[in-house]
Each structure stands twice: as C-alpha cells, then as structure tokens.
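Asks: Once you've had a glance at the structure underneath, I'll fire off some questions.
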Amino acid sequence: MDVRVSGVRKEFDRFPALHDVSLDINSGELIALLGPSGSGKTTLLRLIAGLETPTEGKVFFGDEDASLKSVQERNVGFVFQHYALFRHMTVIDNVGFGLKVRPGSSRPSKDEIRRRSSELLDFVQLSGLEKRYPAQLSGGQRQRVALARAMAIEPRVLLLDEPFGALDAKVRKELRRWLREIHDKTKHTTVFVTHDQDEALELADRVVVMSQGRIEQIGTPDEVYDRPNSPFVYSFIGESSSIEVQVKNGELWLDGQALSISSDRPDGEGLLYFRPHDVDLIEDSNGGIAGTVVASRRVGATRRIELRIAGVTDHVEIEIPADHPATETSRIAFRPKHWRVFPKS
Amino acid sequence: MALDPVQVTDPTATARHATTERRTARFILTGIALVFLALFLVLPLVSVFVEAFRKGPSEYFAAFSEPDAQAAIRLTLLVASIAVPLNVVFGVVAAWAIAKFEFKGKAFLTTLIDLPFSVSPVISGLVYVLLFTSQSALGPWLKSHGIEILFAVPGIVLATMFVTFPFVARELIPLMQEQGTTDEEAALSLGANGWQTFWHVTLPNIKWGLLYGVLLCNARAMGEFGAVSVVSGHIRGLTNTMPLHVEILYNEYNFVAAFAVASLLALLALVTLVLKTLLELRYGAELRAVGGH
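Chains as they are written, first to last, in our numbering: chain G, 791 to 1135; chain F, 27 to 319.
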C-alpha cells in the first residue's frame, strides 16, 4: 500500500510540531524516520496511524484519503516503544486480540484465531511461550509479541515507534537484523521511527531525516550519508567537521590563503563541511588546510587529532592512521576528499 | 581458609554495635505506636463487643429480632446497594475523563470531586434539605407530583451518594494517570471500538484499584451518620439506617441493643479492613508489575 503524506502541519496548543511535511512512501518499502528528540518524527508516525489528526494537510493510503478515517478504520499495525502489551492477557491472547474484537461478520472462529495467532508466534520465533504473561518475557520477546500482534490484523501499513529504543545494545542489533528479515519475507510497507542513525542506515531502504518539525532530506542510506544536503544532516549523520571559509571566484580561502579547494558557491562567507576520516594528508607547502596538533586520541584502528588552525575559532578534528608519527605541536596539512560548502547562516 | 582474624571480627563488631542502637530506638517507637493503637483503636472496638454481650448472647441476638432493627439493617443494605453501584459508574467515568483526556476545566473538576471530603457531612445533608424542602424552588413541583425525597429513602440515598462520591474516583485517578493511554491506543489501532477497549483493556488494568475503592465506598455508605441524619427524619422502621438506629437506642438507655447493632457495623469495618489488606497485598504486587514494565 502506497502512503502519501501531503502538506501536513500539526500544532499542539498552538505549538507547531510539524511544518508542512510531505512524504511519499512506496508500497513494500522499509522507511526510517530519523531525527533527534523533538524533531516531529513520532508525531508524523502517529498522524499516519490516525492516533493524531493533522491541523492541516492530508494523508492518503493508496488513492483513498485516510485523513478523515479513525485509527480503527485505517487498519494499521502500530508497535509502541514500550510494547503496550495487555498485561492481563497471555501472549497468545495478546496476538489474537485484533481478530477477537472484529465485528461478528468478519470475526474468525475461536479455533481460527488460535491457529493464526500461534502461526504468527511461530513466525516471530516465540512458539512455546503462548501461555506466558508479558511480565514473564524479556524486553526483546515482548517487542516480538507486539509485532506479531500488529501483524495479526493483516495491516495495510506497519508503523513502529522507536521499536528497539527500550532494549539493550546487543538485543537491539539482533532484533534489527531480524526485523529486516521479517520485512523481506512479508513485504509489508513499514515505517519506523528512530533516533539511532546506525539503525536507520542499516535497516531502511530510504531514510527520512527530520529536524525541528521539518524534513531535511529523504534518500537512500548511501545518499544521506555521502551527499548530505544541509549542515544539519552533515552533523547529525556520521561524523563531520566544519570550518568557516571565504569563497572567492570559485575557490576557498582561509586566513588569506587559497586552499586549492574549489566550490561552485557564489562569493562570500561559507562553511566547509567534510568527514574527519575522509581526508588526504599532504605536504604543508602544497596548499590545503594546515594546523598544529593540540590533542591526539587513539580511536580503534585510527587516531583522531584536534588541529588548531589559524583563522578558525574552534579546533578541527580529523582522523589519521594510528601509526602516523605526528605528536602534539606537530604541523599537519590535509585536504578533504569529499566536501560541501554551505552558506554561513 | 587463611583469613585474617582481625578482618573477620572487626566488621561484625561494628555491625552489632550499629544494630543494637537502632533496635532500642525501634522498640521505643514501636512501643509508643502500639500503646497509642491499643488505647484509641483496639480498646473502643473491644468495649463495643463487651457492652453488646454484657447481658449474654440471648439479649445480644434479641436486639436483632426487633422489627425496627431489622428495618434499619434492611434500609442500610438497600441504600448501600443503590449508592455503591452508582458511585462506581460515576467514579469510573470521572476518573476516565480526568486521567485519559485533556480538556478545559479539568483542574476544577478534580477539585469538585474532592468537595464531599472537605465539607462537613452535616452541611452535605443540609444542602439537600434546602434543595428539596417545600419552601424551595423545587419543593412545590415535587409535592404536586407526589415525589417524596426528604425524610424518605431517596433523600438518604442522595445524601449517601454525595458523601461517598470521591472514594472510587480518588482511587482510580492516580492509577489511570500512571498507566497512561498507550494500552488504549494499542487496542484502538488493533480495531477495537471504545467499549471493547474499555471492557477488555482499561477495566482489567484498574480492577484491583476499583475493588479497593468499592470496599471503602461501601464501608462509608453503610456507616454514614451526619448527612443521613439530617435528611432522614428519624422515622422508626422507615427511615432509620443502622447508625441512626444505634443513636436512638443509645439515647433511650437501651445500651445492650445499641451496642449489639453497633457491633454489626464494627464487624463490617473489620471485614473491610481484612479485605482491604488482602487486596493491598495483591494490588501492590500488581502495581510493582506495572512499574517493572
């Protein structure tokens, strides 16, 4: 089922949570809404579900306008961060709940509900735990029950709100891979919210980066990582360093020196963004950006150094090989392999 | 096992010293509490039963075979059986509205629910007298339609409901607020309608708290004196509840009968306390389970 969010704005008590957001989700796609807390990603997910109503704008499921439909009519599978399992029901009753509450004509028989519920439990690898109560399960098991329960209603869209947010790191990684497998098998159109970029980049077909109620960038994991289109995306996804520079005749200048880095931006002040690990070290005399090492830390396989550069207020981080001879007070010059220049705001 | 003897004895010695001091303080504090309890709670309760049985069991049971006493017991049961279920409905609805929704005037409604707790029961009764007396705006209309409220059972039920209103709501509001709305949202997203959500999800989540509120509400409904006394009119065999009957018997120096009926109310209190304790054990575990989610 295609889902189309069109010009949606949402205010809570006149406080805007989303400004004019539009988003096309293709059928069968696994999409991540990624952003820091307060970026509006959960609000967007709840608007798609029908748990919130937009102040303005519309949500389409396929060609049909779902904006006026209640959450029950939208037939979406929603998975909550803290599972929201019904604590007084056994695991199998939790999974069968959505079928049990259907109106008489479309409600399957008791045996049928039981059969389908245990099939789903089998599918999420929890068979044998049918008679347990949620309190007797681990966090990862609870979230798998929640997913089985959401899938039981044969939803048109699966919506997951920080599904792994309450789990410890190891279980998160396991479940992440497992969710990808489930998605590849079922091909449900799936939208999940996360503030964890690793999760979004590893899991999603496309990532929607959000900040302050707006969509900053939509793209594949490669696109948002390799070609961030704003300073926010650059600094939010992956590591980044930035330097204030001057643009003159398509060249970057710093402290009166040409850096032999080109830019197609018009002349004026700019911010040069690059990845700290994505640099070439060069001889000091050949242009590039030169500075004095003020701090050096070993980070895994590489060494991360902070440089003090003439004309730049903050120290600039880059990564160099762990066996590089540079020590504190050494001079080092480098040139980013990939970069972007944004206008200074 | 080559343990240094100094290391072994040293910490135990300081530990024993620390506990000895604490134990003395604990004994004194517990002693004060126990003496206080015995003087002000246990002694009066025991004396009720002692007085009731002063002239032997036959006199004791004779007090209940009296028609007026039986009428009082029947009326008390009737009033409680009307007031408690109605309060359960109103209490659940009010708590649901306050805990699960945001609306204007919510703080005011919460304060209003507490009103019966902060007003003297006598005033609560007088309010109904003022409302329904023949000089009031409603009085003539009621009289022309032959509806009797004051000095009749409806008045007693109304007064009891007013006084007991906060019990169920007060118990449920914090519980429902703590549980939040995600369980309900989950049920709705799975296709349940409002009633199914309430019946299958909300009600099971609050059932122990609700039962606890009902117990307290019932104890108060049966034991209420002040408000009921004002609206009842004290008509023997007709509008006397058990507490009112006790007062009448006592004023007539019929101590054995008075204390016999009072002992029934005391028994009710004891049963309520036991049930409440049992519920607290169960309900506490439930709450811990919720917190552990």
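For every residue, glycine included, the Cβ atom is placed at its ideal position computed from N, Cα and C.
Ignoring anything shorter than 4 residues or poking outside the stretch 158 to 222 of chain F, list the alpha helix (DSSP H) runs there in chain order.
Replies: Listed in chain order, the complete alpha helix (DSSP H) runs (minimum 4 residues) inside the stretch 158 to 222 of chain F are 165 to 170, 179 to 190, 192 to 205, 208 to 215.
Asks: So, for I1051 of chain G: in the same chain, excluding its five sequence neighbours on each side, which residues have a beta-carbon less than 6 Å away from its beta-carbon?
Replies: The answer, listed in chain order, is L1042.
Asks: CA-CA distance, I199 of chain F and V118 of chain F?
Replies: One C-alpha to the other measures close to 9 Å.
Asks: What whole-angstrom Cβ distance do P111 of chain F and P142 of chain F have, given they're in contact under 8 Å?
Replies: Their Cβ separation, rounded to whole angstroms, is 18 Å, which puts P111 of chain F and P142 of chain F out of contact at 8 Å.
Asks: Between G:M1000, G:K890, G:E1059, G:I1110, which lies nearest to A942 of chain G when the distance is taken from Cα to Cα?
Replies: Looking at the Cα atoms, G:K890 is the closest of the given residues.
Asks: Chain F partners of Q862 of chain G, CB-CB under 9 Å?
Replies: Within 9 Å Cβ-Cβ: L214, S215, L216, G217, A218, N219.
Asks: Please go through the same chain and pick out, in chain order, the residues whose beta-carbon is closer than 6 Å to the beta-carbon of T980 of chain G, but skip the five residues on each side of it.
Replies: Closer than 6 Å at Cβ, skipping near neighbours: L820, L948, H973.
Asks: Mind checking I1005 of chain G: buried by the 16 CB within 10 Å criterion, or exposed?
Replies: Buried.
Asks: Name, in chain order, the residues that DSSP records as bridge partners for W1043 of chain G.
Replies: Paired residue(s): G:Q1036, G:A1048.
Asks: Go through its chain and collect everything with a Cβ distance to S1031 of chain G's Cβ below 8 Å, but skip five positions before and after it.
Replies: The residues are Y1063, F1064, R1065, P1066, V1106, E1107, I1108.
Asks: What residues are listed by DSSP as bridge partners for P1111 of chain G?
Replies: BP columns for P1111 of chain G point to G:T1092.
Asks: Quick one, are the C-beta atoms of L834 of chain G and A990 of chain G less than 8 Å apart?
Replies: Result no, Cβ atoms of L834 of chain G and A990 of chain G do not sit closer than 8 Å.
Asks: For D1012 of chain G, which of helix, strand or coil comes out of DSSP?
Replies: D1012 of chain G: helix per DSSP, three-state reduction.
Asks: Got a sec? Which residues, its chain only, sit under 6 Å from P147 of chain F by beta carbon, not counting five neighbours each side?
Replies: Cβ within range, chain order: V189, G252, A253.
Asks: For S1053 of chain G and K126 of chain F, what's the separation of their Cα atoms in angstroms?
Replies: So the alpha carbons of these two residues sit roughly 56 Å apart.
Asks: At a Cβ cut of 9 Å, what residues of the stretch 227 to 241 of chain F count as close to chain G, listed as they run along the chain?
Replies: Under the 9 Å Cβ criterion, the stretch 227 to 241 of chain F contributes V227, P230, N231, K233.
Asks: With burial defined as no fewer than 16 other Cβ atoms inside 10 Å of the residue's Cβ, what is the status of G318 of chain F: buried or exposed?
Replies: With a pLDDT of 35 at G318 of chain F, under the threshold of 50, the modelled position of this residue cannot be trusted; read the value that follows with caution. So G318 of chain F counts as exposed.
Asks: Based on DSSP bridge pairs, tell me the residues matched to V928 of chain G.
Replies: Contrary to the premise, residue 928 of chain G reads as Ser rather than Val in this sequence. None, per the DSSP bridge assignment.
Asks: For I261 of chain F, report the span of its alpha helix (DSSP H) as first-last.
Replies: Run containing I261 of chain F: none; DSSP gives neither H nor E here.
Asks: In angstroms with no decimal places, state the Cα-to-Cα distance between V34 of chain F and G57 of chain F.
Replies: Only weak support is given to the placement of V34 of chain F: the predicted model assigns it a pLDDT of 45, under 50, and the question is left unresolved by the model.
Asks: Thinking C-alpha only, which one of F:L290, F:L294, F:R49, F:V272 is nearest A331 of chain F?
Replies: This structure cannot settle anything about residue 331 of chain F, because the visible part of chain F is limited to 27 through 319.
Asks: Please list the segments of the alpha helix (DSSP H) lying wholly inside the stretch 875 to 932 of chain G, counting only runs of 4 or more residues, in order along the chain.
Replies: As far as the stretch 875 to 932 of chain G is concerned, its whole alpha helix (DSSP H) runs of at least 4 residues are 881 to 890, 900 to 913.
Asks: Could you compute how far the alpha carbon of H872 of chain G sits from the alpha carbon of M791 of chain G?
Replies: For H872 of chain G and M791 of chain G, the distance between alpha carbons rounds to 26 Å.
Asks: Along chain G, which residues have their Cβ under 8 Å away from the Cβ of D94 of chain F?
Replies: Correct list: empty, because the minimum Cβ distance to chain G is about 47 Å.
Asks: What alpha helix (DSSP H) runs, 4 residues minimum, are completely inside the stretch 69 to 109 of chain F?
Replies: Within the stretch 69 to 109 of chain F, the complete alpha helix (DSSP H) runs of at least 4 residues are 69 to 78, 82 to 91.
Asks: Alpha carbon to alpha carbon, how far is R904 of chain G from L911 of chain G?
Replies: When rounded, the distance between both Cα atoms is 10 Å.
Asks: Starting from D803 of chain G, trace the beta strand (DSSP E) both ways and give me its first and last residue.
Replies: From DSSP, D803 of chain G is part of no beta strand (DSSP E); its letter is neither H nor E.
Asks: Rounded to whole angstroms, what's the CA-CA distance from F79 of chain F to V282 of chain F? Just pull it up for me.
Replies: Looking at the two C-alpha atoms, the distance is approximately 7 Å.
Asks: Quick one: what's L813 of chain G bridged to in DSSP?
Replies: According to DSSP, which records beta bridges pairwise, L813 of chain G is partnered with G:V795.
Asks: For A195 of chain F, which residues of its own chain have a beta-carbon under 6 Å away from its beta-carbon, when the five flanking residues on both sides are left out?
Replies: Closer than 6 Å at the Cβ level, and outside the excluded window around A195 of chain F, lie G117, A120, A121, I139.
Asks: Can you list the residues of chain F that R892 of chain G reaches, using a CB-CB cut of under 7 Å?
Replies: In chain order: G217.
Asks: Less than 7 Å between C-beta atoms, sequence neighbours within five positions excluded: which residues of the same chain meet that for R836 of chain G?
Replies: Taken in chain order, the residues that qualify are E842.
Asks: Output needed in chain order: residues of the stretch 836 to 863 of chain G with a Cβ under 9 Å from some Cβ in chain F.
Replies: If the cut-off is 9 Å between Cβ atoms, the stretch 836 to 863 of chain G has R836, A839, G840, L841, S860, V861, Q862, E863 near chain F.
Asks: Kindly list, in the order they appear in chain F, the residues whose Cβ is closer than 9 Å to that of F982 of chain G.
Replies: By Cβ distance, chain F contributes nothing, its closest Cβ being about 15 Å from F982 of chain G, past 9 Å.
Asks: State the DSSP-derived secondary structure class of D951 of chain G, mapped to helix, strand or coil.
Replies: Residue state, collapsed to three classes: strand.
Asks: According to DSSP, is Y279 of chain F part of a helix, a strand, or is it coil?
Replies: Residue state, collapsed to three classes: coil.
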